[in-house]
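K.L.:
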Amino acid sequence: MNTSLSWIKAYVPDLDCTAQEYTDAMTLSGSKVEGFERLDENLEKIVVAKVLSIAPHPDADKLIVCQMQVSADGETLQIVTGAPNVTVGALIPVVLDGGRVATDHDGKKVPGGTKITKGKLRGVESFGMMCSINELGSSREFYPEAPEYGVYIFDPELYPNVKPGDSAVKALGLDDVNFEYEITSNRVDCFGVIGIAREAAATFGKKFCPPVITETGNKENAADYISVDVQATDLCSRYVARVVKNIKLAPSPLWMQRRLASNGIRPINNIVDITNYVMEEYGQPMHAFDYDTIAGKKIVVRRAAVGETFTTLDGQERKLDPDVLMICDAEKSVGIAGIMGGENSKITENVKTMLFEAACFDGTNIRLSGKRLGMRTDAQAKFEKGLDPNTTMEAMNRACQLIEELGAGEVVGGCVDVYPNPKQPWRVKFDYQRTNRVLGTDIDKETMIRYFETIDLKYDWATGEVIVPTWRQDVLCHADLDEEVARFFGYANIPVTLPKGAVKGIIPLDRRLNDIARDVAEQYGFSEAMTYSFESPKVFDKLLLAADDKLRATVTIANPLGEDFSVMRTTPLNGMLTSLSTNFNRRNKNGRLYEMAKIYLPKAVPVTELPDERIQFTLGFYGDGDFFDMKGVMEDFVGRVGMKGTLTYKNDGAYPFLHPGRQAEMLYEGETIGYLGEIHPTVAQAYGIGDRVYVGVIDMPKICEKASFDIKYEGIARFPAVTRDLSMVMKKSVLAGDVEEVIRRNGGKLLEEYHLFDIYEGSQILEGHKSMAYSVTLRSKDHTLTDEEITGVMNGILKGLAALGVELRQ
Amino acid sequence: MKERLQAIRNACFEKLEQAQSLDVLNEIRVEFLGKKGALTEVLKSMKDVAPEERPKVGALVNDARTAIENRLEEVKQALERKLSELRMAEETIDVTLPAKRMTEGHRHVNNIALAEVERFFVGMGYEIVDGPEVEEDYYNFEALNIPANHPAKDEQDTFYINGKILLRTQTSSVQARIMEKGKLPLRILSPGRVYRADEVDATHSPCFHQVEGLVVDDNITFADLKGTLAEFAKEMFGAETKVKFRPHHFPFTEPSAEMDVSCFKCGGKGCRFCKGSGWIEILGCGMVHPRVLTMSGIDPEKYTGFAFGVGLERIALLKYEIDDLRLLYENDLRFLKQF
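Residue numbers (the working numbering), protein chains in the order written: chain U, 107 to 916; chain G, 5 to 343.
#1: Touching or not, the region 88 to 108 of chain G and the region 629 to 649 of chain U, by the rule of three or more beta carbon pairs under 8 Å?
#2: Using a Cβ-Cβ cut-off of less than 8 Å, give me the residues of the region 719 to 749 of chain U that come near chain G, in sequence order.
#3: What does DSSP give as the partner residues of W532(U) in its beta bridges?
#4: Measure the beta-carbon distance from E471(U) to L508(U) and round it to whole angstroms, keeping in mind my assumption that it falls under 8 Å.
#5: Expressed to the nearest angstrom, what Euclidean distance is found between the alpha-carbon atoms of I286(G) and E719(U)?
#6: Residue ranges of each beta strand (DSSP E) run of no fewer than 3 residues wholly in the region 186 to 234 of chain G, ordered along the chain?
#7: Is it buried or exposed, I817(U), if we count other Cβ atoms within 10 angstroms and call 16 or more buried?
#8: Within 9 Å of any Cβ in chain G, is that where the Cβ of G611(U) sits?
#9: Please report the Cβ distance between P495(U) and R344(U), rounded to the nearest whole angstrom; I am assuming they are in contact, meaning their Cβ atoms lie under 8 Å.
#10: The region 642 to 675 of chain U: which residues have C-beta closer than 8 Å to a C-beta of chain G, in chain order?
#11: Can you tell me whether E500(U) is buried or exposed? The criterion is at least 16 other CB atoms within 10 Å of its CB, across all chains shown.
#12: Is it buried or exposed, E641(U), if we count other Cβ atoms within 10 angstroms and call 16 or more buried?
#13: From this set, T44(G), V220(G) and D161(G), which residue's C-alpha is nearest S209(G)'s C-alpha?
#14: So, does the CB of I549(U) fall closer than 9 Å to a CB anywhere in chain G?
#15: Secondary structure at Y774(U), three-state DSSP: helix, strand or coil?
#16: Could you tell me whether the Cβ of K51(G) comes closer than 9 Å to any Cβ of chain U?
#17: Quick check on the burial criterion: 16 or more other C-beta atoms within 10 angstroms. Buried or exposed for M772(U)?
#18: Measuring only between beta-carbons, confirm whether A514(U) sits less than 9 Å from chain G.
#19: If the cut is a Cβ gap below 8 Å, which residues of chain G does M636(U) touch?
#20: Taking only the alpha-carbon atoms, compute the straight-line gap between T100(G) and C267(G) and give it to the nearest angstrom.
#21: Would you call the region 320 to 328 of chain U in contact with the region 165 to 179 of chain U, where contact means no fewer than 3 C-beta pairs closer than 8 Å?
#22: Is there a Cβ from chain G that is less than 9 Å from the Cβ of V602(U)?
#23: Does N382(U) come out as helix, strand or coil in the three-state DSSP assignment?
#24: Hey, is G109(G)'s beta-carbon within less than 9 Å of any beta-carbon in chain U?
#25: Could you check whether T399(U) and F429(U) sit closer than 9 Å to each other, using their CB atoms as the reference points?
#26: Looking at the structure shown, is K226(U) part of a helix, part of a strand, or coil, going by DSSP?
#27: So, does the region 576 to 590 of chain U touch the region 82 to 100 of chain G, judging by three or more C-beta pairs under 8 Å?
#28: Roughly how many angstroms separate the alpha carbons of M183(G) and P787(U), rounded to a whole number?
#29: Along the chain, where does the alpha helix (DSSP H) that runs through E263(U) open and close?
#30: Anyone know if the C-beta pair for A448(U) and T417(U) falls short of 9 Å?
#31: Does R338(G) get closer than 9 Å to chain U when you measure Cβ to Cβ?
#32: Find out if the Cβ-Cβ distance for the pair V207(U), M235(U) is shorter than 9 Å.
#33: What is the rounded straight-line gap between the Cα of E305(U) and the Cα of M392(U)?
#34: What is the residue span of the beta strand (DSSP E) that M263(G) lies within?
#35: Do you know offhand how far D261(U)'s Cα is from L197(U)'s?
#36: Pop quiz: G476(U) and G492(U) are said to be a contact at Cβ under 8 Å. What is the actual Cβ separation, rounded to whole angstroms?
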């Protein structure tokens with residue numbers, strides 16, 4: 107929404123403020139001004155000048171030397187110009203020596219404009235410059251009377267009072283400011299200049315003077331010309347029709363053209379301009395039909411027929427459906443309600459009689475119809491917001507008033523008004539103390555009521571109710587009144603306090619665990635990544651998932667931005683591998699990343715209920731390190747959250763995206779909590795990573811179930827420990843995990859610690875075998891171990907190992 | 005005898021004078037004090053001394069031993085000191101050589117900002133809560149006073165899973181979920197991911213983060229909202245930060261406001277960073293709409309509340325002067341390591 111300052115001042119004549127003051131005050135009272143543009147920005151020392159004489163330039167065929175009268179008392183200047191349209195007697199805007207125009211020499215608007223100084227053109231002195239409309243910072247779009255080539259010439263018919271020495275900026279109406287507003291969707295009334303002017307008057311405490319609409323029309327009756335039958339009453343709450351005959355198409359007056367231009371609307375002719383003007387003033391779109399094309403003197407408002415097509419006035423054929431509201435005559439459709447009129451009934455140069463429509467259509471229907479039809483018109487944008495049916499009649503009568511004032515035609519008396527359920531003002535109970543309680547203020551009742559009255563909310567002292575005019579559809583309950591008070595009292599004037607009472611701050615366990623995971627990852631050199639939650643279903647092929655893999659069951663977005671963002675991830679790996687790939691290909695060494703990445707596992711496909719959202723602590727790296735580095739980080743994390751039970755690993759080849767010989771499921775006390783491994787070379791290649799990549803994933807909800815911070819002091823061992831080394835040979839198929847399982851099982855309570863200190867495969871050992879050496883430490887908390895105890899435990903371990911086919915080395 | 009002892013003493017001192025290593029010192033000790041040493045020899049010859057002379061001679065020998073032992077210790081200490089100084093002199097390092105460091109990882113800038121936000125609000129007594137990202141239409145819209153066909157639904161360009169389930173467009177969806185549990189008073193903070201159908205560019209992402217705050221109690225006022233958020237702004241952007249509240253519209257709050265903070269780059273004078281206005285828009289907020297309270301089973305006659313929503317990326321981008329939102333999701337280590 108835009109308005110010029112002059113248009114606002116037309117309704118708030120006492121308004122006296124700078125553009126900046128206006129911007130600030132309006133923004134703080136709720137009509138946010140996004141910015142403003144001074145139309146006379148960089149225009150300095152530009153006057154109306156009259157061409158007294160023209161002489162050829164002695165040295166240049168394309169230049170002429172003009173004597174110009176630049177002031178009322180006859181002062182003249184010599185100006186040299188190349189403009190082709192200069193004639194003796196013409197009034198032309200001229201920038202004087204030291205003045206400024208908006209454009210550079212190529213006619214492009216430039217910041218700061220261009221300074222004009224006197225100088226010589228091919229040896230002849232020139233004391234200024236004649237200006238084109240572009241040099242004045244505007245364009246032919248808004249000043250259609252300006253020539254395509256050449257300088258602007260004031261048409262004496264349009265500007266009867268302009269004389270030499272006048273400010274050309276003022277004469278052209280360029281001494282104005284254009285404001286651009288960001289109006290919130292609830293303030294439908296402020297999508298019209300009158301609504302904003304009402305706010306401006308209230309904001310600055312000035313008198314609000316909206317247009318006074320007078321009686322219009324001849325002695326005839328519109329009802330003799332037209333009848334209206336609204337069939338779809340649910341979609342059209344009011345339909346007003348009037349008739350204008352003896353149309354005289356002509357340009358609209360300059361003041362109207364200027365105001366439309368300030369709102370970015372190109373002037374066309376008096377009839378079109380009047381409908382646009384009223385739409386800008388009241389926010390009420392109107393439509394004009396050529397009356398002679400309306401069959402049967404009848405308008406029918408109904409839903410479109412199944413399969414109906416219709417050609418709109420832009421010549422496009424539209425396919426309709428029965429939810430699109432149509433304006434029809436006795437035989438045919440003549441317009442899509444609220445969106446665009448038809449080609450068959452549009453106003454042409456030959457129009458004699460016009461049917462004027464102002465209606466109130468259902469905003470939601472218009473919006474959805476527009477969407478389905480792929481159309482977006484100015485009228486539609488206004489209707490979408492949901493208009494006030496009481497403004498409909500006002501706008502119609504205002505338009506007819508302007509038709510009479512402008513002599514654009516003869517308005518037929520009376521109107522046809524179909525308005526079965528007139529909307530009445532409503533009442534909202536008001537308690538000023540409640541407002542003070544909500545705002546934390548101490549404003550007296552009279553002050554609040556004064557605020558209401560400045561915006562035409564009347565207060566009924568007898569009932570204690572506020573009477574809300576129908577254009578304020580946003581004021582429905584007490585809280586809405588609170589806001590009215592707050593914005594006119596000034597948000598800045600409301601005190602600053604803190605909520606009373608002490609409440610305990612809480613960080614839940616899962617968030618604390620996430621932070622521990624972050625700390626551990628960072629200590630090991632992993633930096634935190636963030637990737638999108640949705641991806642392409644093609645990712646599953648890239649990860650070598652089987653066609654029936656359960657990870658392929660996804661929460662699928664019905665209206666994605668594209669296939670690449672169409673399914674909610676069921677594995678965090680694509681994001682991780684994509685990010686590692688980015689780093690690898692940008693030659694970042696030793697890429698180490700982690701992400702606390704949510705996955706979204708549907709409970710059923712297609713989705714019928716909310717999916718299971720699980721945070722996956724996902725680690726990935728390439729460069730220095732191997733499988734066991736990854737294992738170390740993961741084990742460290744598990745230990746850090748107090749999970750002191752046994753971690754075991756198994757490789758069932760369950761993860762197709764991992765190297766078949768270098769992958770493991772991670773189990774805590776026998777329950778899967780994650781997995782790790784080297785990325786399958788085919789997958790790494792698919793992601794363009796030319797190095798071994800390791801990933802580890804831990805399911806955080808599982809951690810949340812098992813984590814414990816219940817730590818108790820265990821004492822410091824006071825009795826000596828005994829360490830025995832076991833040097834063993836076994837088949838390669840025997841896993842370290844199997845050996846450790848035996849040590850744990852037989853070590854019992856006396857087992858304090860064990861660790862692998864040597865592993866060897868090679869020529870010194872029988873083929874197909876390997877040697878491993880473990881150090882086992884035994885200790886008792888309450889006595890020094892006896893030889894018997896030690897031998898007992900060690901024999902147990904040896905027996906267990908023998909059962910695995912493990913032999914002690916000689 | 006006396007002369008003999010003196011000679012031993014002199015011989016020993018002379019050798020000590022020459023000694024340059026601890027080994028040599030030890031040899032000297034053995035030579036003079038050892039079992040077969042010079043002094044022991046003297047003691048052995050005591051049997052030739054007249055019995056009445058023996059105590060006297062014994063004392064003489066002891067004197068000599070003590071003198072030698074003392075000297076030995078002195079020399080040893082001096083020598084040790086000297087050797088130690090020598091070693092340290094050799095061990096001198098170039099202290100300006102590069103430091104050795106662990107390569108620690110870095111936290112994502114979003115979460116650095118979030119940690120600051122959370123720290124502040126937990127300190128103010130807020131509980132951090134989570135809500136689903138794949139959410140029911142009801143919680144994302146209807147319960148927030150945005151009924152079916154409300155234009156605001158279009159404005160937010162929602163990703164739908166089906167007619168009833170969508171990707172939440174705002175963390176405000178957590179409000180009703182928490183309120184309908186019926187536990188009052190409430191002070192919650194709910195950070196999380198939200199989604200809008202915006203194409204990726206320097207300032208838009210289809211997936212970003214918000215932090216929602218909600219306070220419900222008896223006698224919560226707009227003044228409390230102002231005070232809370234003014235403190236928050238100071239915490240995030242510095243103690244000098246000023247705030248400005250402008251009327252605005254959200255369907256789920258009334259009165260509603262947008263909060264600007266004074267530009268932390270120019271202090272409010274106006275610069276390129278704040279586009280000359282001196283202010284930077286930070287968040288939306290307001291008093292919880294009575295209809296929202298009612299829908300969640302809270303009596304608006306008894307309770308009031310305020311709510312606010314902050315864009316996390318917006319805070320991170322402003323605070324760290326990052327000029328392109330895409331950097332946050334690209335995960336280039338050269339970017340991540342700067343925070």
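Note that CB positions come from ideal geometry on N, CA and C, so glycine has one too.
P.N.:
Working from what's here:
#1: yes
#2: E719
#3: Here the question's residue 532(U) lines up with position 426 in the first sequence. Bridge partners of W532(U): V574(U).
#4: Against the first sequence, residue 471(U) aligns to sequence position 365. Against the first sequence, residue 508(U) aligns to sequence position 402. Reading the sequence as shown, one finds Asn at residue 471(U) and not Glu. Not confirmed; about 29 Å, so no contact.
#5: Here residue 286(G) is taken as the residue at index 282 of the second sequence, counted from 1. Here residue 719(U) is taken as the residue at index 613 of the first sequence, counted from 1. About 29 Å.
#6: 190 to 199 and 211 to 221
#7: Position 711 of the first sequence, counted from the start, is the residue given in the question as residue 817(U). Classification of I817(U): exposed, given that the 10 Å Cβ count is below 16.
#8: What you label residue 611(U) is simply residue 505 of the first sequence in a count that begins at 1. Output row for G611(U): interface = yes.
#9: As a position in the first sequence, residue 495(U) is number 389, starting the count at 1. As a position in the first sequence, residue 344(U) is number 238, starting the count at 1. Correct: roughly 4 Å between the Cβ atoms.
#10: V661, T662, I663, A664, N665, P666, L667, F671 and M674
#11: Working through the first sequence from its first residue, we reach residue 500(U) at position 394. For E500(U), the number of other beta carbons within 10 angstroms of its own is at least 16, and it is reported as buried.
#12: Taking the first sequence and counting its residues from 1, the one referred to as residue 641(U) is at position 535. Buried is the call here.
#13: What you label residue 209(G) is simply residue 205 of the second sequence in a count that begins at 1. When only C-alpha atoms are compared, the closest one is D161(G).
#14: Against the first sequence, residue 549(U) aligns to sequence position 443. No - not a single Cβ of chain G is within 9 Å of the one on I549(U).
#15: Along the first sequence, one-based indexing puts residue 774(U) at 668. Note: Y774(U) maps to strand in three-state DSSP.
#16: Taking the second sequence and counting its residues from 1, one reaches residue 51(G) at position 47. K51(G) does not count as touching chain U.
#17: Residue mapping note: residue 772(U) aligns to position 666 of the first sequence, counting from 1. Buried, by the Cβ-count rule.
#18: Taking the first sequence and counting its residues from 1, the one referred to as residue 514(U) is at position 408. With 9 Å as the cut-off, A514(U) does not count as an interface residue toward chain G.
#19: The count along the first sequence starts at 1 and reaches residue 636(U) at position 530. In chain order: H112, N114, L332, Y333 and N335.
#20: Residue numbering aside, residue 100(G) sits at position 96 when the second sequence is read from its first letter. Residue numbering aside, residue 267(G) sits at position 263 when the second sequence is read from its first letter. Straight-line Cα distance between these residues: approximately 41 Å.
#21: no
#22: The residue you call residue 602(U) lines up with position 496 of the first sequence. Output row for V602(U): interface = yes.
#23: Taking the first sequence and counting its residues from 1, one reaches residue 382(U) at position 276. Helix.
#24: Within the second sequence, residue 109(G) is the residue found at index 105, counting from 1. It does: the Cβ of G109(G) has a partner Cβ on chain U nearer than 9 Å.
#25: As a first step, residue 429(U) must be located in the first sequence, where it is residue number 323. As a first step, residue 399(U) must be located in the first sequence, where it is residue number 293. The question names Phe, but residue 429(U) in the sequence shown is Asp. Against a cut-off of 9 Å, the Cβ pair of T399(U) and D429(U) comes out as no contact.
#26: By one-based count along the first sequence, residue 226(U) stands at place 120. Of the three classes helix, strand and coil, the one that applies to K226(U) here is strand, per DSSP.
#27: Fewer than three Cβ pairs drawn from the region 576 to 590 of chain U and the region 82 to 100 of chain G lie within less than 8 Å of each other, which leaves the two stretches out of contact.
#28: Translated into positions along the second sequence, residue 183(G) becomes position 179. Translated into positions along the first sequence, residue 787(U) becomes position 681. Computed Cα separation, rounded: 50 Å.
#29: Residue mapping note: residue 263(U) aligns to position 157 of the first sequence, counting from 1. Note, E263(U): premise wrong, no alpha helix (DSSP H); not H, not E.
#30: Taking the first residue of the first sequence as 1, we reach residue 448(U) at position 342. Taking the first residue of the first sequence as 1, we reach residue 417(U) at position 311. Position check: residue 448(U) holds Gly in this sequence, whereas Ala was assumed. Yes, they are a contact pair.
#31: Taking the second sequence and counting its residues from 1, one reaches residue 338(G) at position 334. Interface residue (Cβ-Cβ distance to chain U less than 9 Å): R338(G) is classified as such.
#32: The residue you call residue 207(U) lines up with position 101 of the first sequence. The residue you call residue 235(U) lines up with position 129 of the first sequence. Yes, Cβ-Cβ distance for V207(U) and M235(U) is below 9 Å.
#33: Taking the first residue of the first sequence as position 1, residue 305(U) is located at position 199. Taking the first residue of the first sequence as position 1, residue 392(U) is located at position 286. If you take the alpha carbons of E305(U) and M392(U), they lie about 24 Å apart.
#34: Here residue 263(G) refers to the residue found at position 259 of the second sequence. Element bounds for M263(G): T257 to S266.
#35: Within the first sequence, the letter at position 155 stands for residue 261(U). Within the first sequence, the letter at position 91 stands for residue 197(U). Rounded to whole angstroms, D261(U) and L197(U) show a C-alpha spacing of 8 Å.
#36: Within the first sequence, numbered from 1, the residue matching residue 476(U) stands at position 370. Within the first sequence, numbered from 1, the residue matching residue 492(U) stands at position 386. Rounded to the nearest angstrom, the Cβ distance from G476(U) to G492(U) is 14 Å, too far for a contact under 8 Å.
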